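Student: What follows is a single structure, and I will ask about it in a moment.
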């Protein structure tokens, strides 16, 4: 008989990534404190302060969450997330985390295992947000051209960057980030036509998105 996974079978990385997923990290950047709160709700015994007088107050501890996310960010662990904890005083927008396309694939493959271990139902919001993001893509001229012709012959670089809501001369890092955001949502929705479209874009417009 197959063993039912228990919470103790989950790593801190499992729980931190699922917390990021619940908080909407597929389609947006999420602050470390928000992820810590979600992780605390999932496993209070792991993500609370150590001292009893503070533990009783229900304070989540950011440190194990930050460490788990930093581990998940490493190339040797699959580069599942991008981001950082703590922003510059002049650039607070640097703080926060989101999934990479590899991370959304990881969530798709591991969500069932984590849900069983935590005894939870699947959260609706991340998938709804991803589906909403994809619906916007389906009305884009580049995607429409691809579905009609089966190729990107009539899609110009300007159309590609316009789809990503940036200019053709925008920094490559910005274009790459926006394309990865689209790919991350597409991986979760698991629509083959959109997957084929994005693969075609990655080939034709590689100069914009590959370092």
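Numbering (this note's numbering), first residue to last: 1084 to 1294. The C-beta atom is built at its ideal place from N, Cα and C for all residues, glycine as well. Owing to the predicted nature of the structure, the values given are computational and were not obtained by experimental measurement.
1) Among residues of its own chain, excluding the 5 on either side of residue 1228, which ones have a beta-carbon nearer than 6 Å to its beta-carbon?
2) Please give the ranges of any alpha helix (DSSP H) in the segment 1109 to 1171, keeping only runs that are unbroken, at least 4 residues long and fully inside the region.
3) DSSP has residue 1182 in a bridge; who is on the other side?
4) Would you call residue 1269 buried or exposed, if buried means 16 or more other Cβ atoms sit within 10 Å of its Cβ?
5) Taking the alpha-carbon of residue 1312 as reference, which of 1249, 1277 and 1088 has the nearest alpha-carbon?
6) Would you kindly check if the distance between the Cβ of residue 1125 and the Cβ of residue 1201 is under 8 Å?
7) Only counting runs of 4 or more residues, tell me where the alpha helix (DSSP H) segments fall wholly within the segment 1185 to 1256, in order along the chain.
8) Checking 8 Å against the spacing of the C-beta atoms, do residue 1274 and residue 1246 come in under that value?
9) Under 8 Å, with one C-beta from each stretch per pair, do the segment 1244 to 1260 and the segment 1188 to 1203 reach the 3-pair mark?
10) If you draw a straight line from the alpha carbon of residue 1249 to that of residue 1292, how long is it in whole angstroms?
11) My output table needs one value for residue 1298: the three-state DSSP class, helix, strand or coil.
12) Hey, quick one: how far does the alpha helix (DSSP H) through residue 1102 stretch, first residue to last?
Tutor: According to the data block:
1) Once the five neighbours on either side are set aside, the close Cβ partners of residue 1228 are 1237 and 1238.
2) Fully enclosed alpha helix (DSSP H) runs of 4 or longer: 1115 to 1125, 1135 to 1138 and 1145 to 1156.
3) Residue 1182 is bridged to 1164.
4) It counts as buried.
5) There is simply no residue 1312 to check, as the chain begins at 1084 and stops at 1294 in what is shown.
6) yes
7) Listed in chain order, they are 1208 to 1221, 1224 to 1232 and 1240 to 1246.
8) no
9) no
10) 13 Å
11) Any property of residue 1298 remains undetermined from this structure, which presents the chain solely from 1084 to 1294.
12) 1095 to 1105
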